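Here's the structure we're looking at; comments come further down.
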Amino acid sequence: MHAVRAPVAFDGSRFVPDGATVLIDGDRIAGVEAFGCDLPDGCEVTAYDGTLLPGLFDMHTHLVSDGSLGALDRLGPATDEELDATAEASLATQARAGVTTVRDLGDRRYRTLVARDRELPGAPRIVAAGPPLTVPDGHCHMMGGAVAGPSEIRAAVAEHRDRGVDVVKVMASGGMLTAGTDVLGVQFPDTELRLLVDCVHEAGLSVVAHAHSLASIELALAAGVDGIEHFTGLTEGGIRVPDDLLDRAAAAGVAVDPTLGLDRTVLATLPAPPPSVVEALRRAGLDVDTLQTARRTVVGRMRAHGVRVVTGVDSGAAPVKPHGSIALALAELVEAGYPMAEALATATSAAAHACGLADVTGALRAGLAADLLVVDGDLRDGPAPLSRPVSVVIRGVEVEG
44 MHAVRAPVAF
54 DGSRFVPDGA
64 TVLIDGDRIA
74 GVEAFGCDLP
84 DGCEVTAYDG
94 TLLPGLFDMH
104 THLVSDGSLG
114 ALDRLGPATD
124 EELDATAEAS
134 LATQARAGVT
144 TVRDLGDRRY
154 RTLVARDREL
164 PGAPRIVAAG
174 PPLTVPDGHC
184 HMMGGAVAGP
194 SEIRAAVAEH
204 RDRGVDVVKV
214 MASGGMLTAG
224 TDVLGVQFPD
234 TELRLLVDCV
244 HEAGLSVVAH
254 AHSLASIELA
264 LAAGVDGIEH
274 FTGLTEGGIR
284 VPDDLLDRAA
294 AAGVAVDPTL
304 GLDRTVLATL
314 PAPPPSVVEA
324 LRRAGLDVDT
334 LQTARRTVVG
344 RMRAHGVRVV
354 TGVDSGAAPV
364 KPHGSIALAL
374 AELVEAGYPM
384 AEALATATSA
394 AAHACGLADV
404 TGALRAGLAA
414 DLLVVDGDLR
424 DGPAPLSRPV
434 SVVIRGVEVE
444 G
């Protein structure tokens, strides 16, 4: 048995007065005690000056994509060996950033399930969706999840179930990174999306919907999805998210992941955005800055209306969304008006609940997995220390580097 202690601690829901000492036995938390507690004989302790908290979740990642320009388009011809190598590198980057669990919402040929089942020491836990379900030539069709009509929908959901996915993802709207798709519209007729959701639930799984447009958010909510990714609210006239829509999302209990977090240092080095992105922004009357500002405003309103929010990045999808950038997403959540403890909960305990892992990880509690993060600084003062991890422990194994 050994122990980790710090004078500041966040337990997954709140900051613990006067810090904490976490006792680790194998891959489990054996106990959580006061910062200055007496330790059992022979128990080694590592003391830090910063903040101790549960390891973080990235609730929206694409491990088989390295995030470079055109990476998603290159997934189609990639070999299994190439996909596996990229996934392993992505996991290592996430771990070094303090992410101990990832929810992968789009791969190719179910390769993240292979990575999940390997359980590499020191690699984040994986919640895997496999290829996202989309329409022919729809958003992310290159991942292999295109379906047309009720029979193909039923067959695809059955295949996902039989493969052993943890969650199913459906593309309710088009996406900016897939040319020719309508990011301001919907991809599935309402009857087909309802059928898809019903089939997923009958299989004993949950379903999350990619939804950038206002129309697709409405469609996904009416279909009974369990989670909505992005929740942007794009229309021809800009971003529009009515109050009653937020009230209905809160009442339904859907977990909304706004996928905040944009690496502006990378953005400044890039050439012009892809034509598909430029066209989508033009139709909505937005640019990158006005889009991000409007999105933060919507997320602030989500809190006021009681919407369940979890935090993911959409990491790996594009250069401005690199793996290991969860700190950027949480910083934007704070900028949107979330108190620091509430923001951290969206990437720890709330994320664990949304993934069905509340009895496994996401909190500093005896019996849960020893998934821990220590950062350099006092998180009560703001999110900056999240970009300075000094120790990451996953299932009791300290991450190197």
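Residues 44 to 444 in the working numbering are what the sequence shown lists, from first letter to last.
Heads up, the beta-carbon is just placed ideally off N, CA and C, and yes, glycines get one too.
It should be emphasised that the depicted structure is a prediction, and the values quoted were computed from it without experimental measurement.
Here GLU76 carries a strand assignment [DSSP, helix/strand/coil]. One thing to note: ALA121 has its Cβ within 8 angstroms of the Cβ of ARG151. In this structure GLY281 is in contact with ALA327, their Cβ atoms being roughly 6 angstroms apart against a cut-off of 8 angstroms. Going by DSSP, PRO97 is part of the beta strand (DSSP E) stretching over 94-97. GLU272 and PRO83 have their C-alpha atoms some 46 angstroms from each other.
Here the stretch 291-306 makes contact with the stretch 358-366; the two share three or more CB pairs at distances below 8 angstroms. Note: HIS45 is bridge-paired with ILE67 and GLU87 in the DSSP secondary-structure output. Separation of LEU376 and ALA158 (C-alpha to C-alpha, rounded to the nearest whole angstrom) is 30 angstroms.
The DSSP-derived three-state label of GLY270 is strand. DSSP places HIS255 in the uninterrupted beta strand (DSSP E) bounded by 249-256. With fewer than 16 other Cβ atoms inside 10 Å of its own Cβ, LEU112 counts as exposed.
Contact fails between the stretch 123-140 and the stretch 376-392, because fewer than three Cβ pairs, one in each stretch, are under 8 angstroms apart.
Judged by their CB atoms, LEU277 and HIS255 are nearer to each other than the 8 angstroms cut-off. A direct Cα-Cα distance of roughly 11 angstroms separates ALA347 from THR340.
For SER434, there is no enclosing alpha helix (DSSP H); the residue is part of the beta strand (DSSP E) that begins and ends at 432-437. For the set LEU262, GLY405, PHE274 and ASP357, the Cα lying nearest the Cα of LEU99 is the one of GLY405.
The residues LEU324, in chain order, have a CB closer than 8 angstroms to that of ASP330 in the same chain once the five nearest residues on each side in sequence are set aside.
About 7 angstroms separates the beta carbons of GLY165 and GLU443, which is inside the 8 angstroms limit, making them a contact pair.
When the beta-carbon positions are compared, GLY74 and ALA337 stay at least 8 angstroms from each other. The DSSP-derived three-state label of VAL211 is strand. Its chain contains ALA412, ALA413, ARG438, GLY439 and VAL440 as the residues whose beta carbon lies nearer than 8 angstroms to that of ASP70, once the 5 sequence neighbours on both sides are disregarded; these appear in chain order. Following the DSSP letters along the chain, one finds VAL240 inside the alpha helix (DSSP H) bounded by residues 233-245. Per DSSP, ALA315 lies in no alpha helix (DSSP H) segment and is marked neither H nor E. When the Cα atoms are used, VAL142 and VAL353 turn out to be separated by approximately 14 angstroms. Distance from the CA of ASP127 to the CA of SER392, rounded to the nearest whole angstrom, comes to 29 angstroms.
In the structure shown, the three-state DSSP call for VAL200 is helix.
SER358 carries a strand assignment under DSSP once its states are collapsed to helix, strand and coil. Nearest to ASP123 by C-alpha distance, out of ARG154, ASP101 and ALA140, is ARG154.
The alpha carbon of LEU248 has as its nearest neighbour, out of LEU238, VAL200 and ALA292, the alpha carbon of VAL200. Distances from the alpha-carbon of ASP269 to those of ALA246, ARG291, ALA295 and ARG283 put ALA295 closest.
The Cβ-Cβ distance between VAL229 and LEU176 does not fall below 8 angstroms.
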